[in-house]
Amino acid sequence: MVLLELLGPFAFGVGAFTVLMVAGSLLFKIADLVIQRGVSLGVVVRLFIYYLPGVVVTTIPMGSLLGALMGFGKLAAHSEVVALKACGVPFSRMVRPVVLAAVLASILTFVLNETVVPLSERAARNVLVYEVFRERPPEFKERMFLREEGSQGLKRVIYMDRIRPKGGLMEGVLVQEFDAGRLARFVSAPRARWGGGKWTLEDGKVFQVGQDGGIKFLYSFKRESLRLDVEPSKVEAQSSEPNQMTVFEIAEQVGLMEKQGVDPVKLRVMMHLRLAVPWASLVLAVVGASAGVRPQRSGSAGVGLGLSVVIVFLYYVVLSFCQSLGEASYMPAVVSAWVPNLLFGAAGLWMVRRGD
220 MVLLELLGPF
230 AFGVGAFTVL
240 MVAGSLLFKI
250 ADLVIQRGVS
260 LGVVVRLFIY
270 YLPGVVVTTI
280 PMGSLLGALM
290 GFGKLAAHSE
300 VVALKACGVP
310 FSRMVRPVVL
320 AAVLASILTF
330 VLNETVVPLS
340 ERAARNVLVY
350 EVFRERPPEF
360 KERMFLREEG
370 SQGLKRVIYM
380 DRIRPKGGLM
390 EGVLVQEFDA
400 GRLARFVSAP
410 RARWGGGKWT
420 LEDGKVFQVG
430 QDGGIKFLYS
440 FKRESLRLDV
450 EPSKVEAQSS
460 EPNQMTVFEI
470 AEQVGLMEKQ
480 GVDPVKLRVM
490 MHLRLAVPWA
500 SLVLAVVGAS
510 AGVRPQRSGS
520 AGVGLGLSVV
530 IVFLYYVVLS
540 FCQSLGEASY
550 MPAVVSAWVP
560 NLLFGAAGLW
570 MVRRGD
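When the letters of the sequence shown are read in order and numbered with our numbering, they come out as residues 220 to 575.
Here it is in structure tokens:
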């Protein structure tokens, strides 16, 4: 019975918030493309379809909140909550179907974020870059550094003038090997090619660096394997925005940037946010259910939508504040991503206990 009361408001909430978000931002961007650049209707329709999944996954938690709020508001307005309590059913038991439905909504959000959304975002970017702005795809990346740390500190630094991910080719490669923090050897090669699952240096030279800093030529080679766990596809992924990658691709990118000696703090925060934000459906649904049974709530769509906007606004204010703290390294990345869920979840559980 409870779930049936929630389905209608949930669908209404997802639809209403999607319309609000589309009207608030997406339509203005598309209208600007039509007016300023004369983009055809076909391209506009494709961009709208490609951007829509990203909007929907944002509005699913909002719909969960509105569904629980209006559903329990209606039950309270018809005195059904009072009748259930009179039969010995505590409020915490009434909320169980909401929790189950919200968990399914959270899983659905996560799956969409990992499958449909990255593909649609990449498709939208390709349309904008290559069809609207008429840009050519980049063929190479320039001046890249990779660092490898060992138990005694810096182990190896690899520098390349440029890398062509699609062709699997590095140019101007310099490999510096360290021993106890001291440069002990370096390898210079004009190029390295990807093949057979590994990089191979070609026409290179090996030099030894003595304790006094003197350089001694050791030998030259035609081909020599380079132990480097960086595939061309991973290098190419660096040009992608986080919203165009899955959480697993973001994790790989974090590891790659750490090897380059770069602290990927913002990307690390984004990775944990991709894991935490889908569970906002569960947290906000519990808050909505508890708020919906308050005596002053009428259960009307207008009141429910207005209260949902306020709660969602507060949630995303806390989320943005914690995200900023995490990106500034004032808070660990995993903590900054999960604090909003913990705070609103604790508030929801407190409200449920009061409802009993």
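Here a beta-carbon is modelled for each residue, glycine too, at the ideal position from N, C-alpha and C. Bear in mind the structure is a predicted one, so any value in this text is a computation, not a measurement.
In the DSSP assignment, residue 419 falls within the unbroken beta strand (DSSP E) covering 417-428. Within the stretch 260-336, the alpha helix (DSSP H) runs of at least 4 residues that lie entirely inside it are, in chain order, 260-296, 299-305, 310-313 and 315-333. The C-beta distance from residue 377 to residue 365 rounds to 4 Å, short enough to meet the 8 Å contact threshold. 8 Å or more divides the Cβ of residue 290 from the Cβ of residue 527.
Residue 544 and residue 485 have their alpha carbons spaced roughly 10 Å apart. Below 8 Å, too few C-beta pairs join the stretch 242-250 and the stretch 495-515 to call them touching: fewer than three. Buried is the label assigned to residue 445, since at least 16 other Cβ atoms lie within 10 Å of its Cβ. The C-alpha of residue 332 is placed about 17 Å away from the C-alpha of residue 283. Comparing alpha carbon positions, the residue from 375, 489, 265 and 570 closest to residue 351 is 265. Spanning the alpha carbons of residue 487 and residue 299 requires a straight line of approximately 46 Å. According to DSSP, residue 408 shares a beta bridge with 392. Assignment of beta-bridge partners to residue 413 by DSSP yields 418.
Taken through DSSP and simplified to helix, strand or coil, residue 547 comes out as coil. Look at residue 343 here: in three-state DSSP terms it is helix.
The residue from 251, 407 and 430 with its alpha-carbon nearest to that of residue 443 is 407.
Taking the Cα of residue 439 as reference, the smallest distance to any Cα among 255, 493 and 405 is reached at 405. Taking the CA atoms as reference points, residue 230 sits about 10 Å from residue 281.
Of the other Cβ atoms in all chains shown, 16 or more fall within 10 Å of the Cβ of residue 418; this residue is therefore buried. Apart from the 5 residues on each side of it in sequence, residue 327 sits with its Cβ closer than 8 Å to the Cβ of 279 in its chain, given in chain order.
Taking residue 524 as the centre and dropping the five residues before and after it, the same chain places the C-beta of 235 and 285 closer than 7 Å to its C-beta, in chain order. DSSP, read as helix, strand or coil, puts residue 379 in strand.
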